[in-house]
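Reviewing the structure listed below.
Numbering (my numbering), first residue to last: 1473 to 1624.
Here it is as structure tokens:
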């Protein structure tokens, strides 16, 4: 597929280099997310922190699935990234109302949510153009995905 929901398809980068960089990114994001899940179990961070870490991890998973040609899995991972970012924004707004959240963090969460929303919209447009039926991921899917990472 020529159009890439995650990037600029007009700029060619060799697939092996892209895969190496995205695999490193995914592995690092996974380690960060797993650490945040562990810290949450210890009561040292909030669910919002976990969600802030989840978006970039699922984004990296989505980009790798895209590179591997798995359109549907890539779309589902993009939806998980979008949901994580949406829930992080909701959590941040609630915390901000209580006076405990930085404006810069809120800006980053809102920007990340918009980026992921645009990617999901691009997938939907591509699927429509190519006649591909996509599965929608529910909030339960996000919970299950996070639980699977949190399992010992």
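Ideal placement from N, C-alpha and C gives every residue a C-beta, glycine not left out.
What do you get for residue 1527, buried or exposed, if any count of 16 or more other CB atoms within 10 angstroms of its CB means buried? Buried.
Which term fits residue 1554, buried or exposed, when burial requires 16 or more other beta carbons within 10 angstroms of its beta carbon? With 16 or more other Cβ atoms within 10 Å, it is buried.
What residues in its chain sit with their C-beta under 6 angstroms from that of residue 1473, if we drop five residues either side in the sequence? With a pLDDT of 46 at residue 1473, under the threshold of 50, the modelled position of that residue is not reliable, and the figure given next carries that caveat. Counting only Cβ-Cβ distances below 6 angstroms, and skipping sequence neighbours, we find nothing.
Between which two residues does the alpha helix (DSSP H) harbouring residue 1478 extend? Counting along the chain, residue 1478 falls outside any alpha helix (DSSP H), and DSSP gives it neither H nor E.
Using CA atoms only, rank isn't needed, just tell me which of 1515, 1519, 1597 and 1487 is closest to residue 1537. Ranked by Cα distance from residue 1537, the options 1515, 1519, 1597 and 1487 are led by 1487.
Using C-beta distances below 7 angstroms, list every residue in its chain close to residue 1494, excluding the 5 sequence neighbours before and after it, in chain order. Cβ within range, chain order: 1532, 1535, 1536 and 1539.
Near residue 1548, what residues of its chain come up, given a Cβ to Cβ distance below 7 angstroms and the 5 sequence neighbours on each side ignored? These residues qualify, in order along the chain: 1607 and 1609.
Three-state secondary structure assigned by DSSP to residue 1554: The DSSP-derived three-state label of residue 1554 is helix.
Short of 8 angstroms in beta carbon distance, which residues of its chain neighbour residue 1517, apart from the five on each side in sequence? Order them along the chain. Closer than 8 angstroms at the Cβ level, and outside the excluded window around residue 1517, lie 1508 and 1511.
Buried/exposed call for residue 1558, threshold 16 Cβ in 10 Å: Burial call: buried.
Residue 1620 versus residue 1571: straight-line alpha-carbon distance, rounded: Answer to the nearest angstrom: the Cα atoms are 33 angstroms apart.
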